Each structure stands twice: as structure tokens, then as C-alpha cells.
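*Asks:* Quick one: structure below, then a few questions.
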Amino acid sequence: MANLSVRNLTIHPLELLTIDRFEGAKEQTGDLLTNTLGTVNSFLNATEFKTTRTVAKGEPHKQDKVNVTIDPFKTKETNERTADPKKEVIRLVFKTVGHKYEVDVPSADTKSTVMKKLDGGKLELTAVYVPTGALLAVFSSAKLDAWMKELDNDWPLQTLSIPGTHNSPTCYKALPSVRCQAVGVPEQLRNGVRFLDVRVSADPEDQNLALVHSAFPVSLTGTKWFGDMCDDIYDFLQKHPSETVIMSVKREGTGKGTDQQMGNHLKKNYVDKKRDFWWTEPKVPRLGEARGRIIIMRRFGLSEELKKCWDGRGFGVDAAAWPDNCEDGHIGGGHIRVQDFYEISETQNVQKKIDFARGQLERAAEQNFSLGHKDKTPPFFVNFLSASNFFSASCWPERIAAKVNPSVVEYLCIRHGEDGKGPRKLKVGTAGTGIVVTDWVGANGDWDLIRCVVGMNARLQMKR
């Protein structure tokens, strides 16, 4: 068995005090009906569902005093072996900022775990265990509903590590090649997602925009509307005024409306009715300016009317010239850089997708920016983890996510933000991730990927 390593991705030193070893015992995750349905859905859809979990049994059969200190954003290998899979659970006690926190490895449900406070500590810590690396990553990303609250107003949004979803509102009953998300936009927002990828169909004579995925409606049970989704976002921002939402808007579907007509509908029927909730200036704001607002990243051309907005500067952050199926495409003068390789023709191409995603993470981490200095603001790095092939069931969104998402979690926990550990061995600057756009997060309560991305913002609390 490999020795356990701990990576501290918080701003405070962590001291590992003790490791207790328990015999592992299997425990049912639900009743017979729940487990049967979960197993069937897992088989059909590829999202992992476990009918049993391993928990610590009885009293520890061994306790080791360790006293290993892990500095912020450092990794240290202990002299203690990790848990024997399915046979053993180890319980770790850490001390930081004068208080103790506890976590089991592996956790009972094998997902990210909020660490237990043993003596009233105020920090909210989460842990993700990566068995393949025998590594426990510790993050300060427990409060996902308001994670932006901890960050300085002066940070440009481009420097933040921002979780996003691809075809965000496609959580309804639909064709498996169309559905991209396990949960709806409100639940995504409550669990840390701050970038929404939205596709709408436009009618020249109707200002109401319908939600679509390519040529298909997002639901088989009736049209879902852009306005209803916006109401959900307004409600979230009213309750969480520290947060902002970046919304990429693109025209798709079978509607006869043009980009220009769709843009006019967007402004007149939605933005103008709730002006305080929208940021439409054609520049990227800093976090303080963006709080409580929806930032439009437009993937559509402008009408003559919208070109006149903002003293003739236009409307929204311009992403109209979106590069297609690219590893690192540049928009305009490079103010947005995109990894959006999505044409997966065979399952072997999934590894290529994973490599491209890791490469874009590394390029984002290389960028540097400091508050109070005259550093050039880096571009937005937008990194789509999504891919699909309509004609191949093995390459539908959920099945691709079941392979790509865990690989990216592993990369973030073990290698992201470490000099020379990325695929191109680049140096590390601010060590952000950029905007990481995912499919099927939140399935069966699994928010590991979101916690890992949000956790990378801790460095901004130290860097000035």
C-alpha cells in the first residue's frame, strides 16, 4: 500500500495530528426499492450509483500520532500507509487556526466530505480523496452557495476559478443525447455554479425565447422558457447578493428569428424589465461591480439597434466569433480563449478530450495578476469538459461526463497549480482554473468537481 499524501489547498497551515485505523464495514445506502432503481439508472445512464458504502466499524484497532505540518498550497507525503480499499477506514484529525477537524478516508459515500468540527472551529473545510494518487486534498469550499463573498471586490472576473455547466437548463426528461444536466439551474447555483451556457430559439413575431439544445427542445413534456429560468436566477441573486452569474447566450433551435432579432428580444423582453439584475456593458467587470448581476457573454451578432448601446460600443461581452471544435481557440484579440473540442466520434477520443481539458487548465493557471499592480488583465479561459456524438450511445453527454469529470477532479487535486506538473510543464501564476464548463454535475449528490474548482480561489485571498 502507498503512503498517504495530503495536499493543503487552504490559506492556513494544516497539522495532521492523529490517524485512527478502523475495520471497514459495508452498509446499505438505501432501501431495496431505492437501490434497485438507482442500479438500473446507473446501468442505463452511466452515472455511478452505489448500493453499499464502507464505514468505520467499532473502535479503532490502532492509533498513530503523526504531527505532520502541511503549509498552504503544499503537498506532503506522510509515513502512514493509506486505507486498504473496502477493508479499512482511516480517521484523520487535523488542527488549523487553533481548532481540530476530522475526516474519514475514504469517506462513507466516496464523495467530497465536509470535515467534522471537533471543538467549534469557524472554518468550513472539505476534503476529496483520490485513491489513484493515495492523496487527500483539503479545500476551503464548503459554503458553495456564497463562495464569492470571501473574495476582494477588485479581482477581475477573469482571474477567478468559476464552475459552469454546459447547456445548463437541459435537466428535464428528454432524449439522452439532448439532456446534459442531472439537476436544474436553481440547484446548480446553490452548489456553486456561476457560469450558465444557454441556447434559445427565437421567433420574429414572439419576444418569448424558448430553451433548446441544438434543434431540439430541452424537454419532452412541453416547452421550457428562458423567462422562467431568469426568474430562478433573480431569486438566487436576491438571496445571495455577493454572487454573480455569467450567462453565455447563443441562438439555436428551429425558430425563424435571426441573431439580431433574438438580441432585440433579449434586451426588450428580459433585460429592460429587470435592469438592475443585468450587466450589458461590453467589458468584463470586476467582482465588486458584478455582484448581484447577470453578465451577458453573447454568442450572437448584434442588430443596428444594439450596436448603438453604450455610446456605440455595443451590448454584452463579445463572444460572437466563437471558435468551433477547438483545443485553444482565440476570440477577437484573445480576450477569450476556448477549449471546446466536442466532436467525439469514438470512445477512444475521450482521452484526447481529457488531455485538451487538462491543457487548458494549465494555461489558465499560468496567468498572473496582482491587486494594486499594473498587471495586464488575463483573458477568460473557457474550458468545456462536455462532448457528445448524437449517433453513438457510448458518446452521449452523461457517458462522456462519467469519464471526463473524475479525470479532471484527479488532475485538480494532484497536479493543478503546481509548477511543471501540467502536460506542458508550464510555470504557475495565480493558479486559477478559468471557467470550467461541465455536464452532469450533482448527479447522486456528487459535487466534487465544483468543490475542486471553487477551492482554487483560496489563493486569491492571499495574493495581493
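Residue 74 in UniProt numbering sits at position 74 of the sequence shown, with consecutive numbering throughout. Virtual Cβ for every residue (Gly too), placed ideally from N, Cα, C. Bear in mind the structure is a predicted one, so any value in this text is a computation, not a measurement.
1. Just to confirm my understanding: we take Asn8, look at its own chain, exclude 5 residues before and 5 after, and list those with CB closer than 7 Å. What are they?
2. For the alpha helix (DSSP H) holding Lys95, just list the boundary residues, first then last.
3. What does Asp203 pair with, by DSSP beta-bridge criteria?
4. According to the Cβ coordinates, are Ser248 and Phe195 closer than 9 Å?
5. I need the straight-line Cα distance from Cys413 to Ala365, nearest angstrom please.
6. What whole-angstrom Cβ distance do Gln339 and Phe277 have, given they're in contact under 8 Å?
7. Give me whichever residues DSSP pairs with Gln339 in a beta bridge.
8. Just reading off the beta strand (DSSP E) that Pro163 is part of, what are its end residues?
9. Who are the Cβ neighbours of Asn368 in its own chain at under 8 Å, not counting the five residues just before and after it?
10. Touching or not, the stretch 204 to 211 and the stretch 236 to 243, by the rule of three or more beta carbon pairs under 8 Å?
11. For Lys26, count the other beta carbons within 10 Å of its own beta carbon; 16 or more makes it buried, fewer makes it exposed. Which is it?
12. In this structure, does DSSP put Ala137 in helix, strand or coil?
13. Spatial neighbours of Asp109 within its chain, please: CB distance less than 7 Å, with the 5 preceding and 5 following residues excluded, ordered by chain position.
14. Would you mind sorting Gln348 into buried or exposed? The rule is 16 or more other CB atoms within 10 Å of its CB.
15. Less than 8 Å between the CB atoms is what I'm expecting for Leu211 and Val193, so what's the real figure, rounded?
16. With three or more C-beta pairs closer than 8 Å as the rule, is the stretch 437 to 452 touching the stretch 128 to 148?
17. Thinking C-beta only, is Val218 closer than 9 Å to Pro169?
18. Return the CA-CA distance between Asp104 and Pro397, expressed in angstroms with no decimal places.
19. Which whole-angstrom value is the C-beta distance of Gly164 and Asp197, which I expect to be below 8 Å?
20. Any idea what DSSP makes of Glu15, helix, strand or coil?
21. Taking all protein chains shown into account, do 16 or more other C-beta atoms lie within 10 angstroms of the C-beta of Gly445, making it buried, or fewer, making it exposed?
22. In angstroms, rounded to a whole number, what distance separates the CA positions of Gln188 and Ile400?
23. In the DSSP output, what is Glu156 paired with across the bridge?
24. Per DSSP, what kind of secondary structure is Val454 in: helix, strand or coil?
25. Along the alpha helix (DSSP H) that carries Asp231, what are the first and last residues, could you check?
26. Identify whether Asn368 lies in helix, strand or coil by the three-state DSSP scheme.
27. Could you tell me which whole alpha helix (DSSP H) segments of length 4 or greater appear in the stretch 392 to 448?
28. Give every residue of the same chain whose Cβ lies closer than 8 Å to the Cβ of Lys224, excluding the five residues on either side of it in the sequence, and list them in chain order.
29. How many Å lie between Val454 and Ala443 at the Cα?
30. Could you tell me how far apart the beta carbons of Val68 and Leu16 are, in whole angstroms, since I believe they sit closer than 8 Å?
31. Is there contact between the stretch 250 to 263 and the stretch 289 to 296, where contact requires at least three CB pairs shorter than 8 Å?
32. Since Lys267 contacts Leu306 with CB under 8 Å, what's their CB separation in whole angstroms?
33. Under the rule that 16 or more other beta-carbon atoms within 10 Å means buried, what is Gln351, buried or exposed?
34. Output the boundary residues of the beta strand (DSSP E) element that contains Asn325.
35. Tell me which residue opens and which closes the beta strand (DSSP E) that Met262 is part of.
*Replies:* Based on what the coordinates show:
1. Here residue 8 is taken as the residue at index 8 of the sequence shown, counted from 1. Counting only Cβ-Cβ distances below 7 Å, and skipping sequence neighbours, we find Leu14, Ile70, Asp71, Pro72, Phe73, Lys74, Val138.
2. Taking the sequence shown and counting its residues from 1, the one referred to as residue 95 is at position 95. No alpha helix (DSSP H) holds Lys95; the beta strand (DSSP E) holding it covers 88 to 96.
3. As a first step, residue 203 is located in the sequence shown; it is residue number 203 there, counting from the start. DSSP, once it has assigned bridges, lists Asp206 as partnering Asp203.
4. Here residue 248 refers to the residue found at position 248 when the sequence shown is read from its first residue. Here residue 195 refers to the residue found at position 195 when the sequence shown is read from its first residue. Yes; because the gap between Cβ atoms is below 9 Å, this pair is in contact.
5. As a working note, residue 413 is residue 413 in the sequence shown. As a working note, residue 365 is residue 365 in the sequence shown. Answer to the nearest angstrom: the Cα atoms are 14 Å apart.
6. What you label residue 339 is simply residue 339 of the sequence shown in a count that begins at 1. What you label residue 277 is simply residue 277 of the sequence shown in a count that begins at 1. That belief does not hold up - the Cβ atoms of Gln339 and Phe277 are roughly 29 Å apart, past 8 Å.
7. Here the question's residue 339 lines up with position 339 in the sequence shown. Per DSSP, Asn383.
8. Locating residue 163 in the sequence shown gives position 163, where the first residue counts as 1. Counting along the chain, the beta strand (DSSP E) containing Pro163 begins and ends at 162 to 165.
9. Taking the first residue of the sequence shown as position 1, residue 368 is located at position 368. Hits under 8 Å: Asp375, Pro378, Gly429, Thr430.
10. Touching, no, given that fewer than three Cβ pairs across the two stretches are closer than 8 Å.
11. Locating residue 26 in the sequence shown gives position 26, where the first residue counts as 1. Lys26 is exposed by the Cβ-count criterion.
12. Position 137 of the sequence shown holds residue 137. DSSP places Ala137 in strand when its eight states are reduced to three.
13. As a first step, residue 109 must be located in the sequence shown, where it is residue number 109. Excluding residues within five positions, the ones whose Cβ falls inside 7 Å are Arg53.
14. What you label residue 348 is simply residue 348 of the sequence shown in a count that begins at 1. Gln348 should be labelled exposed.
15. The count along the sequence shown starts at 1 and reaches residue 211 at position 211. The count along the sequence shown starts at 1 and reaches residue 193 at position 193. The pair is not a contact, with the Cβ atoms about 16 Å apart (cut-off 8 Å).
16. At 8 Å Cβ cutoff, the stretches touch.
17. Translated into positions along the sequence shown, residue 169 becomes position 169. Translated into positions along the sequence shown, residue 218 becomes position 218. Against a cut-off of 9 Å, the Cβ pair of Val218 and Pro169 comes out as a contact.
18. On the sequence shown, residue 104 is found 104 positions in, with the first residue counted as 1. On the sequence shown, residue 397 is found 397 positions in, with the first residue counted as 1. So the alpha carbons of these two residues sit roughly 32 Å apart.
19. Translated into the one-based positions of the sequence shown, residue 164 becomes position 164. Translated into the one-based positions of the sequence shown, residue 197 becomes position 197. The distance from the Cβ of Gly164 to that of Asp197 is about 7 Å, consistent with a contact at the 8 Å cut-off.
20. For the purposes of this step, residue 15 is taken as the residue at position 15 of the sequence shown. Glu15: strand per DSSP, three-state reduction.
21. Here residue 445 refers to the residue found at position 445 when the sequence shown is read from its first residue. Gly445 counts as exposed, since fewer than 16 other beta carbons sit within 10 angstroms of its beta carbon.
22. The residue given as residue 188 occupies position 188 in the sequence shown. The residue given as residue 400 occupies position 400 in the sequence shown. Per the coordinates, the alpha-carbon of Gln188 lies some 19 Å from the alpha-carbon of Ile400.
23. Mapped onto the sequence shown, residue 156 falls at position 156. Inspection of the sequence shows that residue 156 is occupied by Pro rather than by Glu. Paired residue(s): Arg286.
24. Residue mapping note: residue 454 aligns to position 454 of the sequence shown, counting from 1. Looking at Val454 - three-state DSSP - the assignment turns out to be helix.
25. On the sequence shown, residue 231 is found 231 positions in, with the first residue counted as 1. From DSSP, the alpha helix (DSSP H) with Asp231 extends over 226 to 239.
26. Residue mapping note: residue 368 aligns to position 368 of the sequence shown, counting from 1. Reduced to three states, the DSSP call for Asn368 is coil.
27. 397 to 414
28. As a working mapping, residue 224 is identified with position 224 in the sequence shown. Same-chain partners within the cutoff: Pro169, Tyr172, Ala210, Leu211, Pro217, Val218.
29. Walking along the sequence shown from the start, residue 454 turns up at place 454. Walking along the sequence shown from the start, residue 443 turns up at place 443. In this structure, the straight-line span from the alpha carbon of Val454 to that of Ala443 is close to 18 Å.
30. If you number the sequence shown from 1, residue 68 lands on position 68. If you number the sequence shown from 1, residue 16 lands on position 16. Indeed, because the Cβ distance is near 4 Å, the residues count as touching under 8 Å.
31. no
32. For the purposes of this step, residue 267 is taken as residue 267 along the sequence shown, with counting starting at 1. For the purposes of this step, residue 306 is taken as residue 306 along the sequence shown, with counting starting at 1. The Cβ separation is near 6 Å, so the contact holds.
33. By 1-based counting over the sequence shown, the position of residue 351 is 351. That one is exposed.
34. The sequence position of residue 325 within the sequence shown is 325, counting from 1. It is not in any beta strand (DSSP E) - Asn325 carries neither H nor E in the DSSP assignment.
35. Taking the first residue of the sequence shown as position 1, residue 262 is located at position 262. That residue, Met262, is in no beta strand (DSSP E); its alpha helix (DSSP H) goes 259 to 266.
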